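In this note's numbering, the protein residues as written are 8 to 245.
Ideal Cβ placement from N, Cα and C applies to all residues, glycine included.
Treat the numbers as computed from the prediction; the structure is a model and nothing was measured.
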């Protein structure tokens, strides 16, 4: 059975407006100058603690945590919905759920990820939504992938990670999960290739073809696909 783990930010949705505004809110709240919006967009994807360490030029946990708290004040009330689903995602997910079990696997706190996925009409495609905890637990993608594999009893040899940043690729490869880097998000070709992504996808509608063309990910018979749909339905009903 094929399993596909999807990153959320800049893979399923474009969160630039909300994330950039929340980063600025936090930095200004702490009395720091803000980089340009273009520079701030580079921090879409990595864990917040890691991003603020760079933006604040600080390793002081108190200062970083204060920035995270300010960020989340705005994000929870407004920023998470300043977001949009990428064109082609709904269609791609509709196709893929006929041949695979799909999971959201994001460094974003799970409580926020669940609200975003439901608000934008994506929940029906996924068996489960996995993210970090508010205290930063499992914000590292490698830790998160390990958690999903264990929690869902997934074989890494039949599991794929789809994401737009180096963290997604590194986290997948650390556990033998096949990584697919997507080029419509905020990670560049060079970033993904340097992280070890040998398979890159330019558009959501190409994901199905890429999965089918991989020698270890074989297409299923109609009977197997129907069984898979039933399995997904029962998982969502739990």
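When the alpha-carbon of residue 187 is set against those of 193, 178, 194, 170, the nearest one is in 170. Three or more pairs of CB atoms, one per stretch, sit closer than 8 Å, so the region 47 to 61 contacts the region 13 to 20. Distances from the CA of residue 30 to each of 98, 82, 68, 66 were compared; the closest alpha carbon is that of 82. Residue nearest to residue 108 within the set 135, 212, 79 is 135 (criterion: CA-CA distance). Around residue 111, the same chain offers 13, 15, 120, 124, 133, 136, 137 as residues with beta carbons nearer than 7 Å, after the five sequence neighbours per side are excluded. For the set 28, 127, 72, 191, the Cα lying nearest the Cα of residue 214 is the one of 191. For residue 135, the three-state secondary structure derived from DSSP is strand.
Taking all protein chains shown into account, residue 126 has fewer than 16 neighbouring C-beta atoms within 10 Å of its C-beta and is therefore exposed.
Counting every other CB atom within 10 Å of its CB across the protein chains shown gives residue 35 a total below 16, marking it as exposed. In the pairwise beta carbon analysis, the region 95 to 104 is classified as not touching the region 70 to 85: fewer than three pairs are separated by under 8 Å. The distance from the Cβ of residue 211 to that of residue 184 is about 20 Å, inconsistent with a contact at the 8 Å cut-off.
Contact annotation: residue 139 and residue 117 have beta-carbon atoms nearer than 9 Å. With respect to the C-alpha of residue 105, the residue from 39, 208, 156, 10 having the closest C-alpha is 10. Shown here for residue 209: same chain residues with a beta carbon closer than 6 Å to its own, the five before and five after excluded, namely 190 in chain order. C-alpha of residue 44 to C-alpha of residue 89: approximately 15 Å in a straight line. Residue 102 and residue 79 have their C-alpha atoms spaced approximately 34 Å apart.
Judged by DSSP secondary structure, residue 187 falls outside any alpha helix (DSSP H) and instead within the beta strand (DSSP E) spanning 185 to 189. Shortest Cα-Cα distance from residue 200 to any of 176, 38, 181, 193 involves 176.
Here the alpha carbons of residue 154 and residue 40 stand approximately 37 Å from one another. Rounded to whole angstroms, the separation of the alpha carbons of residue 174 and residue 150 is 11 Å.
For residue 168, the beta-bridge partners assigned by DSSP are 12, 186. In the same chain as residue 100, and ignoring 5 residues on each side of it, the C-beta atoms closer than 6 Å to its own belong to 132, in chain order.
Residue 77 sits close to residue 37, with the two beta carbons spaced by under 9 Å. Out of 218, 24, 26, the CA that lies nearest to the CA of residue 166 is found in 218.
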